[in-house]
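Asker: In the numbering used here, the protein residues as written are 17 to 297.
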Ligand SMILES: NC(=O)c1ccc[n+]([C@@H]2O[C@H](COP(=O)([O-])OP(=O)(O)OC[C@H]3O[C@@H](n4cnc5c(N)ncnc54)[C@H](O)[C@@H]3O)[C@@H](O)[C@H]2O)c1
C-alpha cells in the first residue's frame with residue numbers, strides 16, 4: 017500500500033529490464049504511490065524483453081528508445097506528454113553499460129571506441145534527455161529528475177573500470193544542467209549513489225560478489241537493496257524534497273563515510289589467521 021506520495025504526477029522511467037532492475041522496482045512503487053508514467057528501454061528490450069510485462073502490470077505505455085539517440089528521446093518525451101495528458105513531473109535515468117567491462121578489457125587496456133560508447137550510454141544520454149526535455153519545455157515546475165550513480169565516481173574501486181569515469185561525468189551533468197533547469201524552470205536534478213545491488217548491470221562488474229560483501233560489512237546499516245533505492249526515489253520525486261537539487265545523494269547504508277568497520281576488519285584479519293579483533297568501535 018502506498019501513501020499517495022506521487023498522486024497525480026506524470027513520469028518517465030528509463031531502464032527497467034527485468035524484475036531485478038532498480039527501475040523495475042521504481043515503476044512498481046511509483047504505481048503504488050499514485051503516479052502515471054511511461055516506460056522506455058532499448059528497441060530490443062522493448063520487443064523481446066520482460067519490460068512488456070511491467071508495462072501491462074503498471075498500465076503504462078512502453079516507448080522504445082536508444083538513449084544515445086536524440087530523435088528517439090524526443091519521441092519519448094513528446095509521446096509521453098501525449099499519452100499522460102500533460103507535462104512531466106519526474107524522470108528516472110537508470111541506464112548503464114560498458115562494453116569494456118563486458119568484453120573484459122581492463123582499465124589500462126581500454127578500447128577507446130568502447131569507452132566512447134560507455135560514456136555516451138551511461139552519462140551523455142542523461143545530458144541528451146535533459147536537453148531534449150528543456151527544448152520541448154516538457155517539465156512542469158518542481159519536476160524532479162534522478163539518475164543512478166555509484167561511489168566509484170569519487171573513489172577507486174577495483175574492477176569498476178571505465179564506468180567510474182562515466183559516473184563522474186553523470187554526476188557533473190546533474191550539477192551543470194541542474195543549475196540551468198533550476199534557474200529557468202524550477203526543476204530539480206540529482207543523482208542517487210546506490211550501494212552495489214544484484215541486477216543484470218551490477219553482476220557484470222568484476223568481483224561483484226566480493227564487492228557486495230565488502231560494502232555490506234563496511235556499511236553500518238548494510239547495503240541498500242533495489243527496493244530501498246525505489247523508496248528513496250519516491251521521496252525524491254515527491255513534493256517533500258522541492259529544494260534539493262544538484263546533489264549526489266549517497267544511498268549506501270553509510271559506506272561512503274566509512275574507512276574501516278569492525279565487521280570488515282574481522283573478515284580481513286581472518287586472511288592473516290591472527291584470530292579475532294576486539295569488539296570495539
Ligand atoms: N546494480 C548496481 O550495483 C548499481 C549500483 C549503483 C548504481 N547502479 C546504476 O543503476 C542503474 C540501473 O542499473 P541496474 O543495476 O538496475 O541494472 P539493469 O541492467 O537492470 O539496468 C540497466 C539498463 O540500462 C539499459 N540500457 C543499456 N543501454 C541502453 C541504451 N543505449 N539505451 C537505453 N537503455 C539502455 C538496459 O537495457 C537496462 O534496462 C545504472 O545506471 C547503474 O549503473 C547500479
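Note that the Cβ used here is the ideal one computed from N, Cα and C, for glycine as well.
Just so we're clear, the structure is a prediction, and the values are computed from it rather than from any experiment.
Under 7 Å from any heavy atom of ligand 3, does the C-beta of residue 37 make it?
Answerer: Of the ligands this structure carries, namely ligand 1, none is ligand 3.
Asker: Are there any heavy atoms of ligand 1 lying less than 7 Å away from the beta-carbon of residue 30, as far as the coordinates show?
Answerer: Indeed, a heavy atom of ligand 1 lies less than 7 Å from the Cβ.
Asker: Is residue 219 helix, strand or coil by DSSP?
Answerer: Helix, per DSSP.
Asker: What span of residues does the alpha helix (DSSP H) with residue 277 cover, start to end?
Answerer: Counting along the chain, residue 277 falls outside any alpha helix (DSSP H), and DSSP gives it neither H nor E.
Asker: Just checking my contact of residue 214 with residue 110 at CB under 8 Å: how many whole Å lie between their CB atoms?
Answerer: That pair is no contact at about 15 Å.
Asker: By Cβ distance below 6 Å, which residues in the same chain neighbour residue 80 in space, the five residues on each side in sequence not counted?
Answerer: Result list for residue 80: 59 and 62, in chain order.
Asker: Give a yes or no on whether the C-beta atoms belonging to residue 159 and residue 169 are separated by under 8 Å.
Answerer: Their beta carbons are not under 8 Å apart, which means residue 159 does not touch residue 169 by this criterion.
Asker: Can you grab the Cα-Cα spacing for the pair residue 84 / residue 191, in whole Å?
Answerer: In a straight line, the C-alpha of residue 84 is about 20 Å away from that of residue 191.
Asker: Would residue 208 and residue 164 qualify as a contact pair, given that the criterion is a beta-carbon distance under 8 Å?
Answerer: Result yes, Cβ atoms of residue 208 and residue 164 sit closer than 8 Å.
Asker: With respect to 7 Å, is the separation between the Cβ of residue 172 and the closest non-hydrogen atom of ligand 1 below this value?
Answerer: Because no heavy atom of ligand 1 lies under 7 Å away, the Cβ of residue 172 does not count as near it: no.
Asker: Between the segment 120-134 and the segment 69-77, do at least 3 Cβ pairs fall closer than 8 Å?
Answerer: Because the criterion of three Cβ pairs below 8 Å is not met, the segment 120-134 and the segment 69-77 do not touch.
Asker: First and last residue of the alpha helix (DSSP H) that includes residue 197?
Answerer: That run of the alpha helix (DSSP H) goes 179-201.
Asker: Please name the residue, chosen from 178, 210, 119 and 182, that lies closest to residue 268 on a Cα-to-Cα basis.
Answerer: When each option's Cα is compared against that of residue 268, the closest is 210.
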